[in-house]
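Under this note's numbering, the sequence shown has 363 at position 262, and the numbering climbs by one with no breaks. The beta carbon of each residue, even a glycine, is placed where N, CA and C say it ideally should be.
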Amino acid sequence: MTKIMLCGRGGSGKSTVTAMMARYLAANGQNVLVVDADASSRGLAGLVGLKRPLRSLADELGGPEALTRKLGAYLGNSTALASRIHVDELPAACTSRRDCLALLEVGKAWPGGDDAGQILEELGRHVLGRLDDRNWWVLVDNEAGMDRYGASHRLTDAFLFVSDGSQPSLESAAFAARLFLEVEKPLLTLLNQVEPAAEETIVRRAKFLGVTVDAVIHADPALREAAEKGCPVPLQGDAAAAIRKILSRLEAVLNPSGRVRARSRFQ
Ligand SMILES: Nc1ncnc2c1ncn2[C@@H]1O[C@H](COP(=O)(O)OP(=O)(O)O)[C@@H](O)[C@H]1O
Ligand SMILES: [Mg+2]
Numbered sequence: 102m103t104k105i106m107l108c109g110r111g112g113s114g115k116s117t118v119t120a121m122m123a124r125y126l127a128a129n130g131q132n133v134l135v136v137d138a139d140a141s142s143r144g145l146a147g148l149v150g151l152k153r154p155l156r157s158l159a160d161e162l163g164g165p166e167a168l169t170r171k172l173g174a175y176l177g178n179s180t181a182l183a184s185r186i187h188v189d190e191l192p193a194a195c196t197s198r199r200d201c202l203a204l205l206e207v208g209k210a211w212p213g214g215d216d217a218g219q220i221l222e223e224l225g226r227h228v229l230g231r232l233d234d235r236n237w238w239v240l241v242d243n244e245a246g247m248d249r250y251g252a253s254h255r256l257t258d259a260f261l262f263v264s265d266g267s268q269p270s271l272e273s274a275a276f277a278a279r280l281f282l283e284v285e286k287p288l289l290t291l292l293n294q295v296e297p298a299a300e301e302t303i304v305r306r307a308k309f310l311g312v313t314v315d316a317v318i319h320a321d322p323a324l325r326e327a328a329e330k331g332c333p334v335p336l337q338g339d340a341a342a343a344i345r346k347i348l349s350r351l352e353a354v355l356n357p358s359g360r361v362r363a364r365s366r367f368q
């Protein structure tokens, strides 16, 4: 199982890129589970081209109050923590699935739930840590905020930082590069929503900050329109080429030489 966590500032395009990667992998015959771990956004299932699950995992476990009470015991159960779960064993009500594409909704923040973020994060990490299925990719679409990734690095094989061309976003990408170097986890960087005319300058600014850009997706009105209409993201043009490039780079970093196939599946 290959677990990839997407990170980056809010609005940089994490959900859009997650959906494109999921659709690209599925179109290439790969099994992919998308984990919606962003407590404060909704449209991911639509972008992936799936129905939203009936309820979230948090609701399945009894909703906000029960979760607040129960989670300590649930997480403290060492037998449960030690056991592995397969995608097929995830509760059906919180998983939407078609062919080789599946989506699990961890939970959404609730009114008055001061601890919601923390509880849902812990629940997300718990599931991610236990998921184990040989032939599946897992793509985790996260909230913004770098602080939480430190705690997730043991559960994740690689990170993909999505950055727009703004200075704050590039600075976050630089911070992420240093953080993941320290924990020795591969991190790729994808520049998103960049105007073609500005690309060269932005890539140079990124390099100056110590960020290596692995692929670029230009600003594309079709991607924005999909989000506005709640439709599946289109997989076309240079955006599709950038997704292919990211996936073959991920394959390369996750299978260091010797164990790699002669050719990437995503050439
Ligand atoms: N390459 C792109 N071109 C144009 N619009 C984009 C692109 N990538 C993302 N968007 C739009 O930017 C907004 C934020 O994207 P989203 O994926 O929701 O970001 P995040 O999940 O990081 O908050 C959405 O309206 C989305 O449609
Ligand atoms: Mg999002």
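Relative to ligand 1, the beta carbon of GLY112 is positioned inside 7 Å of a heavy atom. A direct Cα-Cα distance of roughly 33 Å separates VAL239 from THR302. When distances are taken from the beta-carbon of LYS152 to the heavy atoms of ligand 2, even the shortest one reaches 7 Å or more. Contact check for THR119 and LEU107: beta-carbon distance about 5 Å, within the 8 Å limit, so the pair qualifies. Scanning its chain for C-beta atoms nearer than 6 Å, with the 5 sequence neighbours on each side dropped, one finds no residue around THR313. If you draw a 10 Å sphere on the C-beta of ASP215, you find fewer than 16 other C-beta atoms in it, and that means exposed.
Relative to ILE186, the option among ALA146, LEU271, GLY230, ARG156 whose CA is nearest is GLY230. ARG153 has no beta-bridge partner at all, per DSSP. If you ignore the 5 residues before and after GLY311, its C-beta comes within less than 7 Å of the C-beta of ALA275, ALA278, all in its own chain and listed in chain order.
Distance from LEU158 to LEU204 at the Cβ level is roughly 11 Å; contact not present, criterion being Cβ atoms closer than 8 Å.
The criterion of a C-beta distance shorter than 8 Å is not satisfied by SER184 and ALA146. Note that the C-beta distance between ASP137 and ASP242 is below 8 Å. Assignment of GLU206 by DSSP, reduced to helix, strand and coil, places it in the strand class. A distance of 8 Å or more separates the beta carbons of SER253 and LEU292. A distance criterion of 7 Å places the beta-carbon of LYS115 in contact range of ligand 2, judged by its closest non-hydrogen atom.
DSSP places LYS286 in no alpha helix (DSSP H); its state is neither H nor E. Ranked by how close their Cα comes to the Cα of LEU191, the residues ALA167, LEU232, GLY163 have LEU232 in first place. In terms of side-chain proximity, the C-beta atom of ASP139 is found nearer than 7 Å to a non-hydrogen atom of ligand 2. DSSP places CYS108 within a strand segment (E or B) once states are collapsed to three.
At a cut-off of 7 Å, the beta-carbon of ASP265 does not count as near ligand 2: no heavy atom of the ligand is closer than that. Within the region 303-368, the runs of beta strand (DSSP E) at least 3 residues long that lie entirely inside it are, in chain order, 316-319. For ARG199, the beta-bridge partners assigned by DSSP are LEU202. In this structure, ligand 2 has a non-hydrogen atom nearer than 7 Å to the beta-carbon of SER142. Closest in alpha carbon position to GLY112, among ALA123, LEU202, SER141, is SER141. With three or more CB-CB distances shorter than 8 Å, the region 339-346 counts as touching the region 316-326. Here the alpha carbons of ALA217 and PRO165 stand approximately 8 Å from one another.
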